[in-house]
Ligand code: NAD
C-alpha cells in the first residue's frame, strides 16, 4: 500500500510498531535534511553540486585529496550545527522502548549517536565523517587537528606513518566495512519489520539490506517523500515528510 495521507500513514505505522517485536530501521540522508544537512538526490542535493570523488581518485591524486578536504571543511559548520531531527528522536524512543535492537544507517553525520542511541547499537554502513582514519595504519585523526594543517599548507595532511588520511567514510569504489555489513545482514535476517527512512535505495550494496529482510519474511516499510527503487516490494510506503510521519513516536 502506498499512502500520502498522513493520518492513515501514522495509524498504519502505529499498528505495525505496536505489533512488532524487532524493528530494524534503515536510514538514509533524508532523515537528516530537516537538520540542515542536504541529501544527495533531492533537488539541490549534494549530488547536483559536487559529484562524489571516487576512492581510486582520492588515493592516486593529490588534487583529488585537496578537493575532498576543501569540500569537507566547507560543510563543517553545517554538520557542527545540526541537531537530531524528529526522525532520529523517534528512533531513539523506539530504541529505549526495547523495540529496536540497533539502527542500520547509510548516514555519516553522527546524528543517531547525538539522539541518544548508544554507539554499539548503530551500524554505520558508510562510516562517519566526524573523524578521520589513516588508510595505512588505521590510526584515528581528529578533524580539528587536520584543519589547521590543511589551511596552512593547502595540502591534505598525511599520517606520521606516511599513510594517506581520509575521513572515516566509505567512498564510491571503496570496500564496505565487513563487520558492519555482516551485522546489518544479521539484523535484517532477524527483524519482523524493516523500516526504511529517507533513502532512495539507489546505493549498493547497502540497498540490498531491506530486500534481504523482506526475503526473510519481514514486513518492509518505506518512509520517503519521493518514490524509491523498491516501493513495489514494500508492504507499506509512506510518501510524506519523515519528521511529520514520525513525530508521533517521539517520547521525549
Ligand atoms: P539519497 O539522497 O539518495 O536519498 C534521500 C531520499 O530521502 C530521497 O529520495 C528524498 O526524496 C528523501 N527525503 C529527503 N528529505 C526528506 C524528508 N524530509 N522527508 C521524506 N523524505 C525525504 O540518500 P541515500 O539513499 O541515503 O544515499 C546517499 C548516500 O550519500 C548514502 O550513502 C548516504 O550516507 C550519503 N549521504 C549522507 C548524508 C548524511 O549523513 N546526512 C547526506 C548526504 C549523503
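In our numbering, the protein residues as written are 891 to 1142. Just so it is clear, CB atoms sit at the ideal spot from N, CA and C, and this is done for glycine as well. In this text the structure is predicted, and so the values were computed from the model without any measurement.
Distances taken from the Cβ of residue 1089 to the heavy atoms of ligand 1 include one shorter than 6 angstroms. Rounded to whole angstroms, residue 1030 and residue 954 show a C-alpha spacing of 21 angstroms. Between the segment 1093 to 1109 and the segment 1073 to 1082, the count of C-beta pairs closer than 8 angstroms reaches three or more; the two stretches touch. For the 7 angstroms CB-CB criterion, residue 1062 and residue 944 form a contact.
Here residue 913 is buried. Its C-beta has 16 or more other C-beta atoms within 10 Å. For residue 1040, the enclosing alpha helix (DSSP H) begins and ends at 1033 to 1043. Assignment of residue 1076 by DSSP, reduced to helix, strand and coil, places it in the helix class. In this structure, the straight-line span from the alpha carbon of residue 1059 to that of residue 906 is close to 33 angstroms. Distances from the CB of residue 923 to the heavy atoms of ligand 1 include at least one below 6 angstroms. The distance from the Cβ of residue 919 to that of residue 929 is about 3 angstroms, consistent with a contact at the 8 angstroms cut-off.
Shown here, residue 1014 sits in a strand according to DSSP, grouped into three states. Separation of residue 900 and residue 1136 (C-alpha to C-alpha, rounded to the nearest whole angstrom) is 8 angstroms.
With a beta-carbon spacing of about 28 angstroms, residue 1013 and residue 964 fall beyond the 8 angstroms limit used to define contacts. Judged by their CB atoms, residue 1055 and residue 1047 are nearer to each other than the 7 angstroms cut-off.
Within the segment 956 to 1028, the complete beta strand (DSSP E) segments of 3 residues or longer fall at 993 to 995, 1012 to 1014 and 1017 to 1024, listed in chain order.
Between the segment 1085 to 1100 and the segment 1036 to 1050 there are fewer than three inter-stretch CB-CB distances shorter than 8 angstroms, so the stretches are not counted as touching. Non-local beta-carbon contacts of residue 959 in its own chain, meaning distances under 7 angstroms to residues more than five positions away in sequence, involve 1040 and 1046 in chain order.
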